[in-house]
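Below: the structure, in structure tokens.
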Amino acid sequence: MSDLINKQVILKSRPVGEPKESDFALVETPIPESGEGEILSRTIYLSLDPYMRGRISAGKSYAASVELGSVIVGGTVSQVIKSNHPQFQVGDFVLSNNGWQTYAVSKGETLRKLDPTQAPLSYSLGVLGMPGLTAYAALLDIGQPKEGETVVVSAASGAVGAVVGQIAKIKGARVVGIVGSDDKRDYIVKELGFDVGINRKTQELDSALKEAAPNGIDVYYDNTAGVILETVLQQINLGARIPLVGLISEYNATSTPSGPNLMPLLIKRALIKGFLVSDYQHQFNDFLRDVSGWLQSGQLKYKEDIVVGLQNAPSAFIGLLRGDNFGKLIVKVNDNPTAA
Numbered sequence: 001m002s003d004l005i006n007k008q009v010i011l012k013s014r015p016v017g018e019p020k021e022s023d024f025a026l027v028e029t030p031i032p033e034s035g036e037g038e039i040l041s042r043t044i045y046l047s048l049d050p051y052m053r054g055r056i057s058a059g060k061s062y063a064a065s066v067e068l069g070s071v072i073v074g075g076t077v078s079q080v081i082k083s084n085h086p087q088f089q090v091g092d093f094v095l096s097n098n099g100w101q102t103y104a105v106s107k108g109e110t111l112r113k114l115d116p117t118q119a120p121l122s123y124s125l126g127v128l129g130m131p132g133l134t135a136y137a138a139l140l141d142i143g144q145p146k147e148g149e150t151v152v153v154s155a156a157s158g159a160v161g162a163v164v165g166q167i168a169k170i171k172g173a174r175v176v177g178i179v180g181s182d183d184k185r186d187y188i189v190k191e192l193g194f195d196v197g198i199n200r201k202t203q204e205l206d207s208a209l210k211e212a213a214p215n216g217i218d219v220y221y222d223n224t225a226g227v228i229l230e231t232v233l234q235q236i237n238l239g240a241r242i243p244l245v246g247l248i249s250e251y252n253a254t255s256t257p258s259g260p261n262l263m264p265l266l267i268k269r270a271l272i273k274g275f276l277v278s279d280y281q282h283q284f285n286d287f288l289r290d291v292s293g294w295l296q297s298g299q300l301k302y303k304e305d306i307v308v309g310l311q312n313a314p315s316a317f318i319g320l321l322r323g324d325n326f327g328k329l330i331v332k333v334n335d336n337p338t339a340a
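When we follow UniProt numbering, the leftmost residue of the sequence shown carries the number 1, and every step to the right adds one.
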């Protein structure tokens, strides 16, 4: 395989504010050789997720930053093309962390075999993967929605928010989704079954929330923080719960944003709790059982936004942080041999 090339997207410079395409570079290197106990896999799908913005920054966070000149991190679906590992055979499909590149070597500890007959392979990067587990665990463990309560979800048409809203409906809650376009508002209401959709770009958020949730807000699933959180806090109910899952509104900030008024948290004795999906791997089997069942029964719907070509990953990622994507954003790096 020495005549084949491994394409990689590396971090060329650390972004200041919104990332630019010049912060990334597409390079070509020889395909790595797998050693004893290792496998070589070819990337089929690459997941693009908001957390990656923090990983390409220098600031201290819950995970190490990507070094300059290194491959950008990311979850992938890959196919084994060479194996020196007893548990993996050539042709196996695996959930991996190859990052933004076409080939990678792994020792196999973090790989999970995928059955392409159970669900489309790309689903393991979305509704049946990390974003889906994020939606499931944070909503049910922290939010704990009860029948008849009102749940508000920001970034409600995204990979996480869309699943959150549908699970909340399954649990009997009234669900209000906040999105950034009329098309997304129509989608979450007409396709996903949200009770109300709010376009934050064209509607005045405070009055729209009061109309959508006249009895107040019991659970706010927060993917964005910022102005939306500040507005929601003024309308929370006694004992409200807020899973703090994402800070999309702040990821490109060049200075520390001013915080919301936290007095309502005190007065309403509300719970706001930060969430990292890595703390909830013990719930993965329950999540997979429940969400797979809801998908098969039609209670849960799922939408993907697929970009073709590794070279297009930087522009797609920049668009993700702007909210340009519609559904779970995935890069198709190589052809899927299971596709019809």
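The C-beta atom is built at its ideal place from N, Cα and C for all residues, glycine as well.
Fair warning: this is a prediction, and the values are worked out from it, not measured in the lab.
When you compare only the Cα positions, how much space is there between Gly197 and Lys107? 45 Å
Report yes if the C-beta distance between Pro19 and Ile306 is below 7 Å; otherwise report no. no
State the Cα-Cα distance for the pair Leu133 and Val277, rounded to the nearest angstrom. 7 Å
Determine the burial state of Ala58: buried for a count of at least 16 other Cβ atoms within 10 Å of its Cβ, exposed for fewer. exposed
Taking the alpha-carbon positions, what's the Lys7 to Leu114 distance? 24 Å
Counting pairs of Cβ atoms below 8 Å between the stretch 123–132 and the stretch 144–152, do you hit three or more? no
At a cut of 8 Å, does the stretch 322–330 reach the stretch 66–76 through at least three beta carbon pairs? no
Delimiting residues of the beta strand (DSSP E) encompassing Tyr220: Ile217 to Tyr221
At least 3 beta-carbon pairs within less than 8 Å: the stretch 191–211 vs the stretch 86–103: no
Express the C-alpha separation of Ile31 and Met1 in angstroms, rounding to a whole number. Caution is warranted here: a pLDDT of 44 is assigned to Met1, below 50, making its placement in the model unreliable, and no coordinate value can be reported.
Could you give the C-beta distance for residue 357 and Leu229, rounded to a whole number, given that I count them as a contact under 8 Å? Any answer about residue 357 is impossible in this case: the structure gives the chain only from 1 up to 340.
Buried versus exposed call for Glu149 [16 or more other C-beta atoms within 10 Å across all chains shown]: buried
Measure the beta-carbon distance from residue 344 to Ala162 and round it to whole angstroms, keeping in mind my assumption that it falls under 8 Å. Here the chain covers residues 1 to 340 and nothing more, so residue 344 does not appear.
To the nearest angstrom, how far is it from the Cα of Asn334 to the Cα of Ala240? 45 Å
To the nearest angstrom, report how far apart Lys332 and Leu48 are at their CA atoms. 11 Å
In the stretch 187–235, which residue ranges form an unbroken beta strand (DSSP E) of at least 3 residues, counting only runs that do not cross its ends? 196–199 and 217–221
Do the CB positions of Val90 and Ile44 come within less than 7 Å of each other? no
Is Glu304 helix, strand or coil when you go by DSSP? strand
Where do the ends of the beta strand (DSSP E) carrying residue 355 lie? Because the chain here runs from 1 to 340, residue 355 falls outside it and cannot be looked at.
Taking the straight line between their C-alpha atoms, what separation do you get for Leu233 and Arg200? 16 Å
With a floor of 3 residues, list each beta strand (DSSP E) that falls wholly inside the stretch 108–191, ordered by position along the chain. 112–114, 150–154 and 174–179
Mapping the DSSP letters down to three states, classify Gly54 as helix, strand or coil. helix
From Leu244 to Glu28, what distance separates their C-alpha atoms? 39 Å
Within 10 angstroms of the Cβ of Asp3, are there 16 or more other Cβ atoms? Answer buried if so, exposed if not. Note that Asp3 scores a pLDDT of 49, beneath 50, so its modelled location is shaky; the value from the coordinates is reported in the next line. Its Cβ having fewer than 16 others within 10 Å, Asp3 is exposed.
Neighbour-count burial assignment, Leu46, 16 or more Cβ in a 10 Å radius: buried
Distance, Trp100 Cα to Arg53 Cα: 14 Å
How about the stretch 150–157 and the stretch 175–188: do they share at least three Cβ pairs that are nearer than 8 Å? yes
Which whole-angstrom value describes the C-beta separation of Asn84 and Gly17, a residue pair presumed to lie in contact below a C-beta threshold of 8 Å? About 45 Å separates the two Cβ atoms, so there is no contact after all.
Cβ-based neighbour list, Ile188, same chain, cut-off 6 Å, excluding 5 preceding and 5 following: Ala156, Ser157, Gly177, Phe194 and Gly197
Taking DSSP as the reference, what is the three-state secondary structure of Gly239? strand
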